[in-house]
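In what follows, a single structure is set out as structure tokens and then discussed.
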Amino acid sequence: MAPRPQGTDGSDHAYRMVIEQRYQRMADFKHVIVRLIATHVVLALAKAGWTTLGMLEGYAIPVHALGMLLGEAMVVGAYVAARLGTVKESLGALKAFNLLQASVAATHVLSSWGYYTGVNAVPHLYATIVTRRTAGLLSGFSEDFVQQTVQGFELFLDFTLGVFLLLAIKISHDMIKEKMELKKEAANKGAAKRAADASAAPSAAAAEEEPAEGAERRVTAKASMRARRRMA
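At position 172 of the sequence shown the residue is numbered 172 (UniProt numbering), and the sequence of numbers has no breaks.
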């Protein structure tokens, strides 16, 4: 067996991955997921901050923005509960974590569709507010140019957030499948070991009975010899 890497205690992937290549993939999944979570949480905060621009003209913060922030907080909580990369990994918490990510992604897609089509408010409401508020500061640029630039920024923000959410869902799903295969293999190995132990038990019992029967025959033979001597 390969030596334990320095600085590990045998309870994390850094140790287990030297035993089986699959654990290297599990460790890679964890590292990628951490980066994706950090990215889409930051982008979600930026999107929520963008929606506060509506307060400048009397609009309330949209419910979906607050819901996304709550969803992201629950995503982080589920990630912590999953304890990825340790021997205490929870498959159930990992599934809940991915379900929450999917819920946040669905909320983001629906709210973005409503925003850009004008179902929930004026189309490109926040871009329009920014354009009006910065008209005096950006007098050297046409209003249409500023409007299109701001719209491009918010479209880029929404698109990037959606992409990172989908990537996180995909990687988490792959990790769940890998984890389920590991669990299935462990169950199969356990069943095979129990079957082997069960088949070995009768053989051991027979091996124990044979010496006992031999000893009994020797005792009987000695008793018969003593009886014949007394009779003689």
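The C-beta atom is built at its ideal place from N, Cα and C for all residues, glycine as well.
Given a threshold of 16 other Cβ atoms within 10 Å of its Cβ, counted over all protein chains shown, does residue i qualify as buried or as exposed?
{"i": "residue 111", "result": "buried"}
{"i": "residue 117", "result": "exposed"}
{"i": "residue 31", "result": "exposed"}
{"i": "residue 163", "result": "exposed"}
{"i": "residue 137", "result": "exposed"}
{"i": "residue 55", "result": "exposed"}
{"i": "residue 122", "result": "exposed"}
Suppose the cutoff is 8 Å on Cβ atoms and the five residues either side in sequence are ignored; what does the same chain contact list for residue i look like?
{"i": "residue 106", "result": "none"}
{"i": "residue 33", "result": "79, 84, 168, 171, 172 and 175"}
{"i": "residue 178", "result": "22, 25, 26 and 29"}
{"i": "residue 147", "result": "124, 127, 128 and 131"}
{"i": "residue 76", "result": "37 and 41"}
{"i": "residue 95", "result": "176"}
Closest to residue i by CA distance: which of the options is it?
{"i": "residue 97", "options": "122, 84 and 50", "result": "84"}
{"i": "residue 61", "options": "183, 24 and 126", "result": "126"}
{"i": "residue 45", "options": "88, 100 and 108", "result": "108"}
{"i": "residue 165", "options": "58, 100 and 190", "result": "100"}
Kindly list the residues whose CB is nearer than 6 Å to the CB of residue i, restricted to its own chain and excluding five residues on each side of it in sequence; keep chain order.
{"i": "residue 65", "result": "48 and 51"}
{"i": "residue 102", "result": "169"}
Can you list, in chain order, the residues of its chain whose CB lies under 7 Å from that of residue i, leaving out five sequence neighbours each side?
{"i": "residue 151", "result": "124 and 127"}
Which ranges does the alpha helix (DSSP H) cover as unbroken runs of at least 4 residues, wholly within the region 102-145, from first to last along the chain? 125-133, all fully within the region 102-145.
Are at least three pairs of beta-carbons, each pair with one atom in the region 59-72 and one in the region 37-50, less than 8 Å apart?
The way I'd put it, the region 59-72 does touch the region 37-50; three or more beta-carbon pairs between them come closer than 8 Å.
**Message:** Under 8 Å: do the region 76-85 and the region 155-166 share three or more Cβ pairs, one atom per stretch?
**Reply:** Too few Cβ pairs lie closer than 8 Å, so no.
Review point. Curious, which full-length alpha helix (DSSP H) runs of at least 4 residues does the region 24-52 contain?
Key: Whole alpha helix (DSSP H) segments, 4+ residues: zero.
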